[in-house]
Amino acid sequence: MANAPSTSDTIQRMPAEDTVQAGHPAQQLEIEEVGVSEEEINFPTGPKLWLTVATLCVAMFLKGLDLTIVAVAVPSLTDQFKTVADIGWYNAAYGLTLSAFVFFFGKLYTIFPLKSIFLAGIIIFELGSLLCTLATSSKMFIIGRAIAGLGSSAMGTGAVKMLRHLFPLSKQALWISVVGGIQSIGLVTAPIIGGALIDAFSWRACFGINLPLGVFCIAFTAYGFHDPVPMTVDPENPLPTLWNKIKRSDPLGTLLIVPSLSCFLMALQWGGTTYGWGDWRIVLLFLLFGVLFSAFAYLQYQQGETATLPLRIIKKRSVLAGLWYSACCDGILAVTEIYISIYFQGVKGYTAAKSGLLGVPMIVGLMIAILLAGAGTTRIGYFFPFMYATSVLAPIASGLLTTINLDQSVGKASSLLGLLGLAIGFGIQGPQLGVTTSLSIEDISIGTGVITFGAGMGSALFVSASATLFNNRLVDEIQQYSPSTNGSALEAAGLSGIRGYIGSEKLGAVLSGYNKAVVQTLYLPLALGLLTIVGTVAMERRSVKKKQS
1 MANAPSTSDT
11 IQRMPAEDTV
21 QAGHPAQQLE
31 IEEVGVSEEE
41 INFPTGPKLW
51 LTVATLCVAM
61 FLKGLDLTIV
71 AVAVPSLTDQ
81 FKTVADIGWY
91 NAAYGLTLSA
101 FVFFFGKLYT
111 IFPLKSIFLA
121 GIIIFELGSL
131 LCTLATSSKM
141 FIIGRAIAGL
151 GSSAMGTGAV
161 KMLRHLFPLS
171 KQALWISVVG
181 GIQSIGLVTA
191 PIIGGALIDA
201 FSWRACFGIN
211 LPLGVFCIAF
221 TAYGFHDPVP
231 MTVDPENPLP
241 TLWNKIKRSD
251 PLGTLLIVPS
261 LSCFLMALQW
271 GGTTYGWGDW
281 RIVLLFLLFG
291 VLFSAFAYLQ
301 YQQGETATLP
311 LRIIKKRSVL
321 AGLWYSACCD
331 GILAVTEIYI
341 SIYFQGVKGY
351 TAAKSGLLGV
361 PMIVGLMIAI
371 LLAGAGTTRI
381 GYFFPFMYAT
391 SVLAPIASGL
401 LTTINLDQSV
411 GKASSLLGLL
421 GLAIGFGIQG
431 PQLGVTTSLS
441 IEDISIGTGV
451 ITFGAGMGSA
461 LFVSASATLF
471 NNRLVDEIQQ
481 YSPSTNGSAL
491 EAAGLSGIRG
501 YIGSEKLGAV
511 LSGYNKAVVQ
521 TLYLPLALGL
531 LTIVGTVAME
541 RRSVKKKQS
């Protein structure tokens, strides 16, 4: 319980002074971590500590797994639902809610008990996974993905906040690297796990696997983690009511940002495919995005310190740099995984399981780089040199992947995936470390929310853009290589059923067009790799060995 006496397994902190700002009297009633410092936290030890760490690792693994497991399932999903047009939404729906709600949950973590919000996030994630598992239509599946992304948003925002109450700042680089590395492992092992599950059972098992693991997370979070002991409240001042807490969570801001980003993604998804870029529907969606997002920004400015995203946080160089850098890195991983899976299964004709196995070098490279970067950062104190390594190596690896073709051995593509995993792994934890070292403890959940927003939005945005690019190029390239083939009619076959749909006399030409469409889509990760340098250069040069100012 939050008011239980301290033990070796519980987390507590000493009372801090109340702070009151003119115009914001409700802040003096806040019982969360206002002004908490490193010395005021009694870090836990014992079995409950390690159960909590294990829970965070499993939760972040599921978060990463769910973000990209859909990549290997895309061919099976198109076979099941008989549509190629929705493939961008299978990933984007998850990324949209994952990113759009991070500010909302970041605010909730400063108002409500940390443990309660984290548990609620796991439960929501489980409900979304259940809906995906039982989906009977493409729309039902997309709704399930959106709900799962909502829960994942709560889990991701809370994980770093929980770590900050488990370990001192000097150990944050190591443990953020460990937990973040587990998430990245989930991100890149998804094709292997998903491929094995699809071949052994069906695509539904890719999402059903979340259910028992989620129950584990719920049970051990409830048992192992204890909320920080609240500061003593002046008895003359009543505790904030539930309604006051809800108002402070900025529901209006959420109601503006979610439809704003939805309009933006719909415009990217439909523009150039379903409707022309000049169509009034696309223009209207872009206008709605601009109006709603501007209203959200103005609301945050007006609310000052009570805003979901206070201006003092978003003005931090490390936060903005991390936002950009995370969007690029996660965009690279998400787009590459989806279209390399399409290359292996659609162009080369391999099973889902073999497609996943061919991605093993990417996992190995990512794991090695994350561990090296975590150990190196702990030793030298600085993380930005590893971000530079990513900015140099990622464009090289992504650029080489654009040279794959129909006739080459898949060993080349598999080796290049290993290089890409190594490249991304060096710097992928840099943004989280930037937030941890540049913000005070009570602001970390909001700063983490910004980074999570960047990662989720980068994935959703660039996958949507890549889907539009791929769908356009697929039809054009097939028409170029096989003029007598109706590219649009190939949707009925699904991406993995193309060999049974096209006659042998046309198959080679159609697959050449298929390969060309994949390669042209892979130029997007190349561009994103080049753009990571902006975040790297802008990141503050702070050491994890020094206390926050």
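Heads up, the sequence shown is in UniProt numbering, so the first residue is 1 and it goes up one at a time.
From the three backbone atoms N, C-alpha and C, an ideal C-beta is built for every residue, glycine too.
It should be emphasised that the depicted structure is a prediction, and the values quoted were computed from it without experimental measurement.
Exercise for review: Would you identify the three-state DSSP class for SER543, choosing helix, strand or coil?
Suggested key: strand
Practice item. Go ahead and pull the three-state DSSP assignment for TYR382. Key: strand
**Study point:** 4-residue-minimum alpha helix (DSSP H) runs that sit fully inside the stretch 378-440, ordered along the chain
**Key:** 384-401, 410-427, 430-438
Review point. Is the beta carbon of ILE396 sitting closer than 8 Å to the one on PRO525?
Key: no
Practice item. Please name the residue or residues paired with TYR275 in a DSSP beta bridge. Key: GLY271
**Study point:** VAL475: first and last residue of the uninterrupted alpha helix (DSSP H) it sits in
**Key:** 444-481
Check your understanding: In chain order, which alpha helix (DSSP H) runs of at least 4 residues are fully inside the stretch 116-191?
Key -> 138-164
Check your understanding: In the structure shown, what three-state DSSP assignment does VAL84 receive?
Key -> coil
Review point. What's the gap between the Cα of residue 550 and the Cα of GLY181?
Key: Look at the range of the chain in this structure, 1 to 549, and you will see that residue 550 is not part of it.
Point to revise | Within 8 Å, strictly: CB atoms of LEU119 and ALA219 | key: no
Point to revise | Helix, strand or coil at ILE502 according to DSSP, with G and I counted as helix | key: coil
Practice item. Below 8 Å CB to CB, which residues in the same chain sit around VAL364 once its five sequence neighbours on both sides are set aside? Key: GLY418, GLY421
Review point. Pick from SER153, PHE81, PHE112, PHE103: whose alpha carbon is nearest that of TYR94?
Key: SER153
Exercise for review: Assuming THR436 contacts ILE444 (C-beta within less than 8 Å), just tell me the rounded distance between them.
Suggested key: 6 Å
Exercise for review: Measuring alpha carbon to alpha carbon, tell me which of LEU287, VAL335, LEU255, CYS217 ends up nearest MET457.
Suggested key: VAL335
Practice item. For ALA267, count neighbouring Cβ atoms within 10 angstroms of its own Cβ and tell me buried if that reaches 16, exposed if not. Key: buried
**Study point:** Whether GLY158 touches GLY121 by CB criterion (8 Å)
**Key:** yes
Review point. Exposed or buried, GLU126, counting other C-beta atoms within 10 Å across all chains shown (16 or more means buried)?
Key: buried
Practice item. For PHE264, name the three-state secondary structure that DSSP assigns. Key: helix
Review point. Which of the three DSSP states, helix, strand or coil, is assigned to ALA22?
Key: Residue placement at ALA22 cannot be trusted, given a pLDDT of 31 that sits under 50; what the coordinates show is reported in the next sentence. In this structure, ALA22 counts as coil in the three-state DSSP scheme.
**Study point:** SER482 vs ALA517 beta-carbon contact at 8 Å
**Key:** no
Check your understanding: LEU522 by DSSP, collapsed to three states: which one?
Key -> coil
Point to revise | PHE112 versus ALA423: straight-line alpha-carbon distance, rounded | key: 38 Å
Review point. How many whole angstroms separate the CB atoms of VAL519 and ILE340, which I take to be in contact at a CB cut-off of 8 Å?
Key: No, VAL519 and ILE340 are not in contact; Cβ-Cβ is about 11 Å, not under 8 Å.
Exercise for review: State the DSSP-derived secondary structure class of TYR343, mapped to helix, strand or coil.
Suggested key: helix
**Study point:** Option in THR485, GLY434, PRO251 with minimal Cα separation from ALA538
**Key:** GLY434
Practice item. May I have the straight-line CA-CA distance separating LEU255 from LEU98, to the nearest angstrom? Key: 15 Å
Check your understanding: In terms of residues, what are the limits of the alpha helix (DSSP H) holding TRP280?
Key -> 280-303
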